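Throughout the sequence shown, residue numbering follows numbering that gives the first Met the number 0, covering 0 to 137 in sequence. Yeah, the Cβ is synthetic: ideal placement off N, Cα and C, and Gly gets one too. These numbers come from a predicted model, not from an experiment.
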Amino acid sequence: MDSYNSPTTKPLYRSTQIVWYFIGVIEVILAFRFLLKLLSANASAGFSNFIYTLSLPFVLPFTAVFGTSAVENNVFEWTTLLAMAVYIVIGWGITKIFFIGCKIEIIATCRLKILLLWEMAIEIYALMHQNWSTEQAE
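So, in structure tokens, the structure goes:
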């Protein structure tokens, strides 16, 4: 039975994809916020206002941790960088929790398949290189 399609592992992989999708969306929103603040974007502009409003709930828990560094109108917002790092760690932790009850042989099977694919890729590369060398010599 293919371990990727087994009834026990397929939901785990799908849930990790969902978690990383949401974390990715949050990270992109926070990255936009960081860049807009850094480049001193007009806060009353539609897009800037939308990003600031959308990202505020994700940055709010971290606002008291660091101050902001400002040079003229450009703001280096340390709290946004901290929030990005924390949300990455949270996403990683959630995905690791999904695999707590996972059997070792399932994980080992997945690693074995990756190793076999890697070995096949190396062999294909060696054959291609050997053919290329033979063609160059002729």
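Which value, in whole angstroms, describes the spacing of the CA atoms of L141 and I121? Since the first and last residues shown for the chain are 0 and 137, residue 141 lies out of range.
Per-residue DSSP class, three states only, for T67: Here T67 sits in strand by DSSP.
From which residue to which residue does the beta strand (DSSP E) around N48 run? Note, N48: premise wrong, no beta strand (DSSP E); alpha helix (DSSP H) at G45 to V58.
I'd like the list of long-range same chain contacts for N41, defined as Cβ closer than 8 angstroms, with 5 residues on each side in sequence excluded. If the five residues before and after N41 are omitted, its C-beta is found closer than 8 angstroms to the C-beta atoms of S47, all from its own chain and listed in chain order.
Indicate the three-state DSSP secondary structure (helix, strand or coil) for F98 in the structure shown. DSSP, read as helix, strand or coil, puts F98 in coil.
Considering N73, what are the terminal residues of the beta strand (DSSP E) in which it resides? Counting along the chain, the unbroken beta strand (DSSP E) around N73 starts and ends at N73 to E76.
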